[in-house]
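Visitor: Encoded as structure tokens, here's the structure I'll be asking about.
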């Protein structure tokens, strides 16, 4: 049996035998579920509904079967109930009707589906919500569960003057309809906890490291890197590595973010750090250097005869793919109580979060991931790392990602003797690569930070960076950060100067203590298939005594291939 409340016959019955009609309909609706259907416009009622709910046995079922959070209006108990299933357990929140937002009632009325509807107005989060409702219908509820005046049926909603929903039909359903309300099975939690579970249930978190120590320890020796999901410590303990299995969602167009948390475990200084992956596409990689020493890596020799190990990809070697360039703070956590200052509430940790979607391959099942923190401290640091995979906005057939690292002067094997990137004073860093025919949306991700930690050093002086491809200038910029003072409360062991500034406040060559340095994106769609060369030129400053300048630069080509991920 289907009842649409705006037909002429129903209106006629309502006018002539109103009490008898409501009694009769009440008898029908007390037996079977009722569905209330809404559209954005009454004229759209032939199209797919924009919202609906089912009322049965004094409960309004607001959610669809596949919704992760199920919402109910329980008129028996006088409450709004949200239930979520998380890790195979049910959790719920209960809000009594008395705790819901209170409206202002207005004299305006409007006839909807034959009902003379009253009007109530709510104010919430700088929005005005206008609600038209009736208390004469046998169904009760609202598509917006918190806006429910007088235990009624809401038939129309406007927000900020714009129509949101209007009821277009009220339908009797089969009594055999399977309705689930797992109220008794659910554990009650706070609304804030529910919000946390709602957010976390929408994406997949892949834990990689959990408060893993990174420090300098010459007793650590690693010759084999052959296990999945095992944490290896290499380069005298300053690098941690793990081979991880990627979830299926990574092949389905997911967005990928890395969340890395750092605590000082005794080191008081700001350090250069990198989150990176290692490819298996070439005969050799930095893994060979971790296992057998830097002698395994190809050498770039500058004009002065200085040797730099593993800084440029070659025909049989690929540099690491840098995911995040980050910098530790001055001693967050460990030094919080050792340098207390009134009204300075030191952070417990530093959390870095950055999107890395274009740099995580979607055609591989496993990848090597590593974290480097350059330090010679016995206590060092502790880090946690999670990868967050967020589902694609729409179901598509994603293309295979193209990821090709070209150069990296960030010496993640520093504590194994790998040289610093000092070649820019007397030479040009050059790499060669080939653009394949089926690559699209080609870009270069270029990350550059300057180092030389004295007054005249490149850390504190602006130096021009230039990138050329085949001799043509494609990028020219002075990498510089002026916002370092923003992060003062993450730097408890930073020194304070006589003029009131702290060391962590000072502007720097594209980095600050306790921050990430995102890459510059250089579009290269103009490049034709074939072989090309890339040159990096930096106006590196002069050294001073035993102090020297150096630059940590990485370059990775990214794009998409015409092939579909299978």
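In this note's numbering, the protein residues as written are 2 to 567. Don't be surprised by glycine CBs; every beta carbon is placed ideally from N, CA and C.
#1: Is it buried or exposed for residue 455, if we count other Cβ within 10 angstroms and need 16 for buried?
#2: Identify whether residue 44 lies in helix, strand or coil by the three-state DSSP scheme.
#3: For a minimum of 4 consecutive residues, which ranges assigned as the alpha helix (DSSP H) are wholly contained in the region 403 to 473?
#4: If I follow the unbroken alpha helix (DSSP H) through residue 541, where does it start and stop?
#5: Measure the Cβ-Cβ separation of residue 275 and residue 411 and say whether it is below 7 Å.
#6: By the three-class DSSP mapping on this structure, what secondary structure does residue 371 have?
#7: So, residue 321 versus residue 287, is the Cβ gap smaller than 7 Å?
#8: Less than 7 Å between the C-beta atoms of residue 170 and residue 38, yes or no?
#9: Is residue 439 near residue 562, with beta carbons less than 7 Å apart?
#10: Going by alpha carbons, who is nearest to residue 536 out of 221, 451, 425?
#11: Counting only the same chain and skipping the five closest in sequence on each side, list residues whose C-beta sits under 7 Å from that of residue 404.
#12: Are the beta-carbon atoms belonging to residue 268 and residue 376 less than 7 Å from one another?
#13: Look at the Cβ atom of residue 327, then the Cβ atom of residue 517, and state whether they are nearer than 7 Å.
#14: Under 6 Å Cβ to Cβ from residue 330, same chain only, skipping five residues before and after it: list those, please.
#15: Please say whether residue 482 and residue 509 have beta carbons closer to each other than 7 Å?
#16: Per DSSP, which one or two residues make a beta bridge with residue 1?
#17: Are there 16 or more other CB atoms within 10 angstroms of the CB of residue 240, so buried, or fewer, so exposed?
#18: Sort 300, 71, 157 by Cα distance to residue 111 and report the nearest one.
#19: What do you get for residue 32, buried or exposed, if any count of 16 or more other CB atoms within 10 angstroms of its CB means buried?
#20: Compare the Cα-Cα distances from residue 511 to each of 480, 499, 532 and report the closest residue.
#21: For residue 356 versus residue 258, is the C-beta distance shorter than 7 Å?
#22: Exposed or buried, residue 494, counting other C-beta atoms within 10 Å across all chains shown (16 or more means buried)?
#23: Let me confirm a value: residue 443 is counted as buried when at least 16 other C-beta atoms fall within 10 Å, else exposed. Which label applies?
#24: Using the three-state DSSP reduction, which class does residue 291 fall into: helix, strand or coil?
#25: Which residues does DSSP list as the beta-bridge partners of residue 524?
#26: Can you pull the DSSP bridge partners for residue 310?
#27: Helix, strand or coil for residue 557 per DSSP?
#28: Could you name the residues that DSSP lists as bridge partners for residue 225?
#29: Residue range of the alpha helix (DSSP H) that residue 197 falls in?
#30: Given a threshold of 16 other Cβ atoms within 10 Å of its Cβ, counted over all protein chains shown, does residue 394 qualify as buried or as exposed?
#31: Taking the C-alpha atoms as reference points, what is the distance between residue 462 and residue 311?
#32: When DSSP builds the beta bridges, which residues end up paired with residue 160?
#33: Taking C-beta to C-beta, are residue 82 and residue 69 nearer than 7 Å?
#34: I think residue 445 touches residue 325, with their Cβ atoms under 8 Å apart; what is that distance to the nearest whole Å?
#35: With a threshold of 6 Å on Cβ separation, who are the neighbours of residue 476 within its own chain once the five nearest residues in sequence on each side are excluded?
#36: State yes or no: is the C-beta of residue 299 within less than 7 Å of the C-beta of residue 278?
Guide: In terms of the structure at hand:
#1: Numbered from 1 along the chain shown, position 454 holds the residue referred to as residue 455. So residue 455 ends up on the exposed side.
#2: Indexing the chain shown from 1 puts residue 44 at position 43. Reduced to three states, the DSSP call for residue 44 is helix.
#3: Runs of the alpha helix (DSSP H) lying entirely within the region 403 to 473, each at least 4 residues long, are absent.
#4: By 1-based counting over the chain shown, the position of residue 541 is 540. From DSSP, residue 541 is part of no alpha helix (DSSP H); its letter is neither H nor E.
#5: As a working note, residue 275 is residue 274 in the chain shown. As a working note, residue 411 is residue 410 in the chain shown. Yes. Within cutoff.
#6: The residue given as residue 371 occupies position 370 in the chain shown. If DSSP states are grouped into helix, strand and coil, residue 371 belongs with the strands.
#7: Counting from 1 along the chain shown, the entry for residue 321 is found at position 320. Counting from 1 along the chain shown, the entry for residue 287 is found at position 286. Contact flag set, yes.
#8: The residue you call residue 170 lines up with position 169 of the chain shown. The residue you call residue 38 lines up with position 37 of the chain shown. Yes, Cβ-Cβ distance for residue 170 and residue 38 is below 7 Å.
#9: As a first step, residue 439 is located in the chain shown; it is residue number 438 there, counting from the start. As a first step, residue 562 is located in the chain shown; it is residue number 561 there, counting from the start. In terms of Cβ geometry, residue 439 and residue 562 form a close pair [threshold 7 Å].
#10: In the chain shown, counting from the first residue as 1, residue 536 sits at position 535. Comparing Cα-Cα distances from residue 536 to each of 221, 451, 425, the minimum goes to 425.
#11: Here the question's residue 404 lines up with position 403 in the chain shown. So the list reads 322, 360, 362, 557, 559, once near-sequence residues are dropped.
#12: By 1-based counting over the chain shown, the position of residue 268 is 267. By 1-based counting over the chain shown, the position of residue 376 is 375. With a cutoff of 7 Å on beta-carbon distance, residue 268 and residue 376 are scored as near each other.
#13: Indexing the chain shown from 1 puts residue 327 at position 326. Indexing the chain shown from 1 puts residue 517 at position 516. Yes. Within cutoff.
#14: For the purposes of this step, residue 330 is taken as residue 329 along the chain shown, with counting starting at 1. If we look at residue 330 and ignore the five residues flanking it on each side, its Cβ neighbours are 351, 491, 492, 514, 515.
#15: On the chain shown, residue 509 is found 508 positions in, with the first residue counted as 1. On the chain shown, residue 482 is found 481 positions in, with the first residue counted as 1. Yes. Within cutoff.
#16: Shown here, the chain extends from 2 to 567; a query on residue 1 therefore has no answer.
#17: Position 239 of the chain shown, counted from the first residue, corresponds to residue 240. With at least 16 other beta carbons inside 10 angstroms of its own, residue 240 counts as buried.
#18: Position 110 of the chain shown, counted from the start, is the residue given in the question as residue 111. Of 300, 71, 157, the residue nearest in Cα terms is 157.
#19: Stepping through the chain shown from its first residue, residue 32 is reached at position 31. Residue 32 is exposed by the Cβ-count criterion.
#20: Here residue 511 corresponds to residue number 510 of the chain shown, with the count starting at 1. Distance from the Cα of residue 511 is smallest, within the candidate group 480, 499, 532, for 480.
#21: In the chain shown, the residue the question calls residue 356 occupies position 355. In the chain shown, the residue the question calls residue 258 occupies position 257. A contact, by the Cβ cut-off of 7 Å.
#22: Working through the chain shown from its first residue, we reach residue 494 at position 493. When all chains shown are included, residue 494 counts as buried.
#23: For the purposes of this step, residue 443 is identified with residue 442 of the chain shown, where counting begins at 1. With 16 or more Cβ atoms within 10 Å of its Cβ, residue 443 is classed as buried.
#24: One-based indexing of the chain shown puts residue 291 at position 290. In this structure, residue 291 counts as helix in the three-state DSSP scheme.
#25: Reading the chain shown from its first residue, position 523 is the one you call residue 524. Residue pairing from DSSP places residue 524 in a beta bridge opposite 444.
#26: To locate residue 310, count along the chain shown from 1; it is residue 309. Looking at the DSSP assignment, residue 310 forms a beta bridge with 300.
#27: Taking the chain shown and counting its residues from 1, one reaches residue 557 at position 556. Strand.
#28: The residue you call residue 225 lines up with position 224 of the chain shown. Per DSSP, none; premise fails for residue 225.
#29: Taking the first residue of the chain shown as 1, we reach residue 197 at position 196. Where residue 197 is concerned, the enclosing alpha helix (DSSP H) stretches over 192 to 201.
#30: Within the chain shown, residue 394 is the residue found at index 393, counting from 1. With fewer than 16 Cβ atoms within 10 Å of its Cβ, residue 394 is classed as exposed.
#31: As a first step, residue 462 must be located in the chain shown, where it is residue number 461. As a first step, residue 311 must be located in the chain shown, where it is residue number 310. Roughly 27 Å separates the two Cα atoms.
#32: Mapped onto the chain shown, residue 160 falls at position 159. 130, 163.
#33: Taking the first residue of the chain shown as 1, we reach residue 82 at position 81. Taking the first residue of the chain shown as 1, we reach residue 69 at position 68. No, Cβ-Cβ distance for residue 82 and residue 69 is not below 7 Å.
#34: As a position in the chain shown, residue 445 is number 444, starting the count at 1. As a position in the chain shown, residue 325 is number 324, starting the count at 1. Contact flag wrong, Cβ pair sits at about 17 Å.
#35: Position 475 of the chain shown, counting from 1, holds the residue named residue 476. Counting only Cβ-Cβ distances below 6 Å, and skipping sequence neighbours, we find 468, 523.
#36: Sequence index remark: in the chain shown, residue 299 carries index 298 (1-based). Sequence index remark: in the chain shown, residue 278 carries index 277 (1-based). Taking 7 Å as the Cβ cut-off, residue 299 and residue 278 do not qualify as a contacting pair.
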